[in-house]
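Report on one structure; see the data block that follows.
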Amino acid sequence: MPSAYGNNPTTKYVIYFVPPAPGYEVEEQMSEIASTLGVSGNTTPFWNLRPDEAVVFVGRTPPECRYFSYDNMLMRRTIGNERRWIFSNLVDTINNLVIKTEGTPDGASGDPFNQTTIIIITADRGIDQRIRDAAESAGYSNNTINTQVLPSVMLNMGLDNDSVTFASFIRPALFNDTQAGDDYINNTPATIFRITPNNTTELDPYDYPELRIRGTGQTEFELMDDLEELRVAILEKYNKSNATELPTSQGGPIGSDAIQRGINAVGPTNDECYLWTANQTIFSPTPPFFDTSEYYPFLRDPAITLGNDTDEFIIVYGVNHVAAGKATYSNFAIYGADVFNGVIAITNEDFNGSAEEYLPDNPNAKYLYVYKLSRNCSEDDQYCYEVPYGQGVHGIELDQPLFIGWRAYLENATKTGPAYSEIVYDRAIKFDPKS
C-alpha cells in the first residue's frame, strides 16, 4: 500500500469481507489484500452489488466502549473514462445511540454493547423484507434488525467493471476492557452473508433516507476568551523559543460533497468533525490506491518537521469537546504529511487537568486542554508524548513533514456528529530554538 490514508492510530476498525456474486471471482488485487490481512476464502473487502442484492451482518455488537458505528463507503466509481477513488460515506451510520439490538429493541435507550443484531445493507425494499421474514422465521426479533440503505438514485449499481464499489466498516473506540476489545477486533463474533435472489423480481428501490441533523444551536464560543488566555499563557511559558502558530481548517469534505464532485474524501463519517493543520480542505480527485505523497502539497508548504532538539516541540491545545458537551469522544493524532501515517492518538481521556497547569485560577480551564509533542519528554511532564522515529511508518522521521489531525465524534443530543459551526477549532503551535 502506498499510504496509510489517514488511519485513526490506536483505534482499530473492522472491515466486512463479502463473498462475490454467484458466478464471479474475487479480483486478484483484492485477494492479495485479504491474504495480507490473514483472511482466507473467496471474500473481498471491496465489493459491488446488484440493485436487488443485499449484504447482511448477523452477530454481536462491540463490547462496552465510548463509541461504535457501522458505516458504508462508496470506494470507487467511474467518472467519464476514469476510475476514481471516492472513499466517501453514503448516509448516516448505525451507531451505539440508534442501533436496534436485543438490548436496545427498536433503537430504544438501553445497553447496545455485546448484543445480538442484524444489519441489512441493500438498495431494495423487496429483498430487505424477504430477509427480515427469513430472520424472524429463524427466531430473530424484528426489533433487532436494522437496514442501511444504499441510495441507488445516486449509484451505478451492478456487477460490471463500471459499477460502483463499496466497503463496510465497524468503528469501535475506547473499549472499557482492552482485552475484550482486542478479542472483538481480532475475532469478530459475526457472519457476513451476501444475499442474491434466485429469481428476478421487480425492483422497489429505497428513497434517499432522511438524515439526522447536526447542531443544537448551543456553541463552544463562550470559551473563546478562555482559549485566548490559554494561548497567551503557552506563549509566555515558552517565550525563549520561536513560535509558529499553525493554521487549522476542516480536514475533509462531507460525503455527499465528495460524491457529487468526484473527489477523494479519505473516509469521512456523518458522526464526526475532522480538523487538521492546513489552510484548506482535501479536494483532489484520485485514482484507486493512490500515493498520497503526490497530492496535497499545501501540507508541506511550508514543511513542519520535528527535530531532536530539546527546545523543539509542538503544543496542541484547544477546547475539550467532550467536556464542553459537543462530543462523545475526541482525539488528535500526529501524521506524516507524505504518506498520511498516523502514529499516536491522544484522546480526551488524556486531557483532564492539562490546562489547569497554565490557568490555575480560571474555572473554565477544565473545558480546555494542552498537550506537548516532542522527541524528548521530561519525566515531570505528564502531558507529553515522545514522537518516535527510525521505525518506518510507525514513527515520523526527524526531517519528515508532518501535520496534526483532530477528530470529534457523536454529539449525544443529536445522535450524529457535532456541527462545524458550533465548535471552536483546535490549535497547534510549533516551537523552535532561537538562533
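Residue 5 is where the sequence shown starts when you use this note's numbering, and the numbers rise one by one after that. Cβ coordinates follow ideal geometry from the N, Cα and C atoms, glycine included.
Residue pairing for residue 253: DSSP places it in a beta bridge opposite 280.
Counting only runs of 3 or more residues that sit fully inside the stretch 98-180, the beta strand (DSSP E) segments are 120-126, 149-153 and 169-179, in chain order. The DSSP-derived three-state label of residue 5 is coil. Under the criterion of beta carbons closer than 8 angstroms, residue 108 and residue 74 do not qualify as touching, at roughly 14 angstroms.
DSSP places residue 194 in the uninterrupted beta strand (DSSP E) bounded by 194-199. Residue burial is scored here from C-beta neighbours: residue 288 has fewer than 16 other C-beta atoms within 10 angstroms and is therefore classed as exposed.
Here the alpha carbons of residue 77 and residue 436 stand approximately 41 angstroms from one another. With 16 or more neighbouring CB atoms inside 10 Å of its own CB, residue 422 falls in the buried class.
The beta carbon of residue 140 lies closer than 7 angstroms to those of 146 in the same chain, with the five residues before and after it left out.
Note that the C-beta distance between residue 60 and residue 175 is not below 9 angstroms. In the DSSP annotation of this structure, residue 188 is not part of any beta strand (DSSP E); the continuous alpha helix (DSSP H) holding it starts and ends at 182-190.
When secondary structure is reduced to three states using DSSP, residue 392 falls in the coil class, being assigned neither helix nor strand.
Using a Cβ-Cβ distance cut-off of 8 angstroms, the stretch 331-350 and the stretch 401-415 are in contact, since at least three pairs of beta carbons, one from each stretch, lie closer than that value. Using a C-beta cut-off of 8 angstroms, the stretch 289-296 makes no contact with the stretch 353-360, since fewer than three inter-stretch Cβ pairs fall below that distance.
Cα atoms of residue 100 and residue 266: separation of roughly 30 angstroms, rounded to the nearest angstrom. Taking a 10 Å sphere around the C-beta of residue 5, we find fewer than 16 other C-beta atoms and assign the residue as exposed. Distance between residue 189 and residue 179, taken at the CA atoms: about 11 angstroms. In this structure, residue 19 and residue 49 form a Cβ contact; the two beta carbons are roughly 5 angstroms apart against a cut-off of 8 angstroms.
Excluding its 5 nearest sequence neighbours in each direction, residue 55 has C-beta neighbours in its own chain below 8 angstroms: 127, 128, 156, 161, 162, 207 and 209, listed in chain order.
Secondary structure at residue 403: coil, using DSSP grouped into helix, strand and coil. Under the three-state reduction of DSSP output, residue 238 falls in the helix class.
Of the candidates 320, 220, 240 and 168, 320 places its Cα closest to the Cα of residue 252. When DSSP states are grouped into helix, strand and coil, residue 15 belongs to the coil group.
A distance below 9 angstroms separates the beta carbons of residue 328 and residue 224.
For the pair residue 373 and residue 367, the Cα-to-Cα distance works out to about 13 angstroms. Under a 10 Å Cβ-count criterion, residue 148 is classified as buried, with 16 or more other Cβ atoms of the shown protein chains found around its own Cβ.
Out of 14, 257, 264 and 432, the CA that lies nearest to the CA of residue 232 is found in 432. By a beta-carbon distance limit of 8 angstroms, residue 315 does not contact residue 405. Their separation comes to about 20 angstroms.
The beta carbon of residue 9 lies closer than 8 angstroms to those of 91, 270, 271, 296 and 344 in the same chain, with the five residues before and after it left out. The Cβ-Cβ distance between residue 255 and residue 273 does not fall below 9 angstroms. Scanning 143, 15 and 134 for the CA closest to the CA of residue 121 turns up 143. Separation of the CB atoms of residue 151 and residue 132 is rounded to 6 angstroms, and the pair is thereby assigned contact status at 8 angstroms. Taking C-beta atoms under 8 angstroms as the contact rule, residue 194 and residue 64 qualify, at a distance of about 7 angstroms. Between residue 362 and residue 241, the CB-CB gap stays under 9 angstroms.
Residue pairing from DSSP places residue 77 in a beta bridge opposite 93 and 171.
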